[in-house]
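Worksheet: one structure, shown below.
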Amino acid sequence: MKTQEIEKKVRQQDAQVLAQGYSPAIRAMEIAAIVSFVSLEVALVYRLWGNPYAGTWMLLSAVLLGYLAADFVSGFVHWMGDTWGSTEMPLLGKALIRPFREHHVDEKAITRHDFVETNGNNCLISLPVAIIALCLPMSSPGWVFCASFLGAMIFWVMATNQFHKWSHTDSPPALVGFLQRVHLILPPDHHRIHHTKPYNKYYCITVGWLNKPLTMVHFFPTAERLITWATGLLPRQDDIGAEAARALVVAEGGSEAPVVQAAKELLTQATVQEKPASTRP
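For the sequence shown, my numbering gives the first residue as 2, with consecutive numbering after it.
In structure tokens, the structure reads:
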């Protein structure tokens, strides 16, 4: 089925109703999450400071690998929030799933959110990892690297929604604009690919480096087919409506990963080239 036909079937929820779901209780939870997250990260830095195993190159490697890992985590969490669940679910529906639904209906809403509403969710989901990182023994280079990597990864996860917000901002600060142009944080043009109905690709929003590789191997469509096979759930039903979701499942079911298509084309070309020329007069 053509993409244009699926786009016509998309039925989304009301933006104003979704915005009203941001309650004082959710805001209080997000403030507590931010305070807890910052406290845990400061405590982790304190434990790493002066540790004999914490070398400069080790820490730089942990920060860079953490950045790449955060890009994948941002994509995976984004995919989960876009694809599964409902705004009517207890607790998770209003606190975590609602923002994903609102963002597809009103993508500029994030630019009107303050620091707490923008970053509270990411701090909340990072708390378990922050606790694990802080509790590691720090008694060898391996443990120190693990703690540094986890701490760096969740720092970048926390920063992801700020990068995401800037990608929707019409006139971001000059330094932010430069970082976007050199693709060190999420560029607006790159992220705009995700905001094309039915919102089923380019989920990584820390920097977006992993979007193309994950698309080439059909990572998320394959995961969706496995979950649907195991549970019977229909991906994106709550976000784009049941009719569009079913049409998208049918369309994706008959497609192949780009990397598979490229491999087949190479094999076909190789086979054609290897065929012996005809000896008939």
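Note that the Cβ used here is the ideal one computed from N, Cα and C, for glycine as well. The structure displayed is predicted, hence computed values, not measured ones.
Inter-residue distance for residue 34 and residue 243 is about 34 Å (C-alpha atoms, whole angstroms).
Residues 72, 73, 76 and 205 of the same chain have their beta carbon placed closer than 7 Å to that of residue 211, with the five preceding and five following residues left out of the count. Here residue 28 carries a helix assignment [DSSP, helix/strand/coil]. The distance from the Cβ of residue 199 to that of residue 7 is about 6 Å, consistent with a contact at the 8 Å cut-off.
The beta carbon of residue 222 lies closer than 6 Å to those of 253 in the same chain, with the five residues before and after it left out.
The stretch 84–104 makes contact with the stretch 18–26, as at least three CB pairs between them are under 8 Å. Residue 231 sits exposed, since fewer than 16 C-beta atoms from the chains shown fall within 10 Å of its C-beta.
Taking 8 Å as the cut-off, the beta carbon of residue 169 is found no closer than this to the beta carbon of residue 241. Rounded to whole angstroms, the Cβ separation of residue 104 and residue 13 is 11 Å, and the two are not in contact under 8 Å. Separation of residue 10 and residue 245 (C-alpha to C-alpha, rounded to the nearest whole angstrom) is 5 Å. In terms of CA proximity to residue 79, 100 leads the group 65, 100 and 66. At the C-beta level, residue 154 and residue 52 stay beyond 8 Å of one another. Secondary structure of residue 85 (DSSP, three-state): coil.
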